[in-house]
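Numbering that gives the first Met the number 0 applies: residue 0 is where the sequence shown begins, and numbers increase by one. Note that CB positions come from ideal geometry on N, CA and C, so glycine has one too. Fair warning: this is a prediction, and the values are worked out from it, not measured in the lab. Working notes for the structure below.
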Amino acid sequence: MSYLMPNYSPLDVSFVKGEGCYLTDDKGEKYFDALSGVGVVNLGHCHKDVTKAIQEQSAELIHTSNWYHIKNQEVLAEKLCKLSNMDKAFFGNSGAEANEAAIKIARLYGDQNNITNPTIITANQSFHGRTMATLSATGNDKVQSGFAPLVSKFIHVEFNSLDEIKSHTGNPDIVAVMLEPIQGESGVIIPDSSYLNSVQDICKKNNWLLILDEVQTGIGRTGKLFAHQYNDITPDILTLAKGLGNGVPIGACLTKGKASKLLVPGTHGSTFGGNPLVSKTAITVLEVIEKDHILDNSLRMGEYLTSKFKDKLNKSSSVIDIRSKGLMIAIELNEDCSSLLQQALKNKLLINITGQTIRLLPPLIINKDEADILVKKVCDLVKEI
Ligand SMILES: Cc1ncc(COP(=O)(O)O)c(C=O)c1O
Numbered sequence: 000m001s002y003l004m005p006n007y008s009p010l011d012v013s014f015v016k017g018e019g020c021y022l023t024d025d026k027g028e029k030y031f032d033a034l035s036g037v038g039v040v041n042l043g044h045c046h047k048d049v050t051k052a053i054q055e056q057s058a059e060l061i062h063t064s065n066w067y068h069i070k071n072q073e074v075l076a077e078k079l080c081k082l083s084n085m086d087k088a089f090f091g092n093s094g095a096e097a098n099e100a101a102i103k104i105a106r107l108y109g110d111q112n113n114i115t116n117p118t119i120i121t122a123n124q125s126f127h128g129r130t131m132a133t134l135s136a137t138g139n140d141k142v143q144s145g146f147a148p149l150v151s152k153f154i155h156v157e158f159n160s161l162d163e164i165k166s167h168t169g170n171p172d173i174v175a176v177m178l179e180p181i182q183g184e185s186g187v188i189i190p191d192s193s194y195l196n197s198v199q200d201i202c203k204k205n206n207w208l209l210i211l212d213e214v215q216t217g218i219g220r221t222g223k224l225f226a227h228q229y230n231d232i233t234p235d236i237l238t239l240a241k242g243l244g245n246g247v248p249i250g251a252c253l254t255k256g257k258a259s260k261l262l263v264p265g266t267h268g269s270t271f272g273g274n275p276l277v278s279k280t281a282i283t284v285l286e287v288i289e290k291d292h293i294l295d296n297s298l299r300m301g302e303y304l305t306s307k308f309k310d311k312l313n314k315s316s317s318v319i320d321i322r323s324k325g326l327m328i329a330i331e332l333n334e335d336c337s338s339l340l341q342q343a344l345k346n347k348l349l350i351n352i353t354g355q356t357i358r359l360l361p362p363l364i365i366n367k368d369e370a371d372i373l374v375k376k377v378c379d380l381v382k383e384i
């Protein structure tokens, strides 16, 4: 009997060790982790520099609270802001918390502009988290089911449709548009290349904030540090988590310009957010990304894997689409393929399946030999359908 609440249904495996792209279970079996703990260990499991930083910082100082200055947090904020062209940072512990901060800032923006029912446009099939506000923002009935009453004032529109966003320009209650640059949880849905630019234009014209949720797409996953950098734009609010701590829990909400002055003392906070340990870890993650040219590798290996998959799978009658940006990869089949999850586990491969789509988020440090192993494992799996 387990004393854990039954909100997860874990696969029948338990890992005791991780190194690079591989995990080892308690029976000594090695698995290829093509999911990176759901887009988290972007530098691979137990990256030596990250582990060293955690060891050294934890021997020196783990936690103080935000009632005192935290040097590491200030260094991390500066580094992140300079890398993203943003102005200010707030740190929480997860993607949902980063998005909660973004939603609260959008509400304050409404309050400042005398809008009594500040409303945020989000997209269908989006995923923004599991807290009450973020699940209300999420455009997925399954995530919301049973939790009524939801937090109000979210309007959901079709992703990649500018007309749907434009249809709300007459609504004086709108304060923000909140989007993932690429929808991750719903199966790597990539919008038209100019979609975000046009959304930003609409936001600017209407005085709305543009909130980009890069919890999954950020920190090199798509081959740039942030996916919106493909569009050469700067959002008003940018949220990050997952890869930022390479497994140590941290979330960040970054703001630009007018969005930067809204959180004042007493309006928001977090006991653990940005403590010396997590901040030092995230600083190290960013340093490794630069030092080891991780973005180049993410881009090159993403292109390599995608071309291999296209080469080997396009002839397969069960594959209807292969989509990717950097190392965010989806292989869509012509039928539900949930059963492949167990089969993949038997083949010592960790992946995600959403309906009829196989999603791969391998570590960004993956090399060519490992990529070849992954291609073989995935192609063998697809043959099983
Ligand atoms: C785009 C996006 N936003 C938010 C979240 C929620 O992050 P967390 O689980 O860290 O709260 C996720 C998690 O998958 C995500 O993919």
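Comparing C-alpha distances from Gly17 to each of Tyr7, Asn139, Glu28, Asp11 shows the shortest one belongs to Glu28. In the three-state reduction of the DSSP assignment, Lys29 falls in the strand class, which pools E and B. As a beta-bridge residue in DSSP terms, Asn351 pairs with Arg358. Less than 9 Å divides the Cβ of Gly222 from the Cβ of Gly301. Cβ neighbours of Met131 within its own chain (closer than 8 Å, five residues either side excluded): Phe146, Leu149, Val150. Leu363 sits away from Ser306, with the two beta carbons spaced by 9 Å or more. When DSSP reads this structure, His44 sits in a beta bridge with Gly19.
The Cβ atoms of Ala175 and Leu224 do not sit closer than 9 Å to each other.
In the DSSP assignment, Ile120 falls within the beta strand (DSSP E) that extends over 118-122.
His44 is classed as buried because its beta carbon has at least 16 other beta carbons within 10 Å across all chains shown.
Put simply, the backbone Cα of Glu96 is about 11 Å away from that of Asp212. Annotation for Arg358 indicates a beta carbon at 8 Å or more from all heavy atoms of ligand 1. At least 9 Å separates the beta-carbon of Asp200 from that of Thr118. Of the other Cβ atoms in all chains shown, fewer than 16 fall within 10 Å of the Cβ of Trp66; this residue is therefore exposed. For Met0, there is no enclosing alpha helix (DSSP H), as DSSP marks it with neither H nor E. Beta-bridge partners of Cys80 (DSSP): none assigned. Taking 8 Å as the upper bound for CB-CB distance, Tyr194 and Asn139 are not in contact here, some 20 Å apart. Around the beta-carbon of Met177, 16 or more other beta-carbon atoms lie within 10 Å, marking it buried.
For Glu99, the CB contacts under 8 Å within the same chain, skipping 5 residues up- and downstream, are Gly91, Gly128, Thr130, Ala132, Thr133 in chain order. Fewer than three beta-carbon pairs drawn from the region 44-63 and the region 226-239 are found closer than 8 Å, and the two stretches are therefore not classed as touching. Between the region 250-267 and the region 30-44 there are fewer than three inter-stretch CB-CB distances shorter than 8 Å, so the stretches are not counted as touching.
Going by DSSP, Lys307 is part of the alpha helix (DSSP H) stretching over 293-312. Taking the Cβ of Gln215 as the reference point, at least one heavy atom of ligand 1 falls within a distance shorter than 8 Å. In this structure Gly244 is buried. Its beta-carbon is surrounded by 16 or more other beta-carbon atoms within 10 angstroms.
A straight line joining the alpha-carbon of Asn112 with that of Ala258 spans about 12 Å. By the C-beta density criterion, Asn274 is buried, having at least 16 other C-beta atoms within 10 angstroms.
Taking C-alpha positions only, His62 is separated from Leu262 by approximately 23 Å. By the neighbour-count criterion, in which a residue is buried when 16 or more other Cβ atoms sit within 10 angstroms of its Cβ, Met85 is buried. Thr254 has Lys87, Ile236 as its beta-bridge partners, per DSSP. For Ala226, there is no enclosing beta strand (DSSP E), as DSSP marks it with neither H nor E. Taking 8 Å as the upper bound for CB-CB distance, Ser135 and Gln143 are in contact here, some 7 Å apart.
His68 is bridged by DSSP to nothing; it lacks a bridge partner. Annotation for His167: Ile120, Ile154, Ile173 place their beta carbon closer than 7 Å to its own, counting only its chain and skipping 5 residues before and after. Note that the region 68-76 touches the region 270-284; at least 3 beta-carbon pairs, one per stretch, sit closer than 8 Å. Under the Cβ criterion (8 Å, minimum of three pairs), the region 305-319 does not count as touching the region 344-353. Cβ contact annotation for Val187 (same chain, cutoff 8 Å, sequence separation greater than five): Ile181, Arg322, Ser323, Lys324, Met327, Ile328, Ala329, Thr356, Arg358, in chain order.
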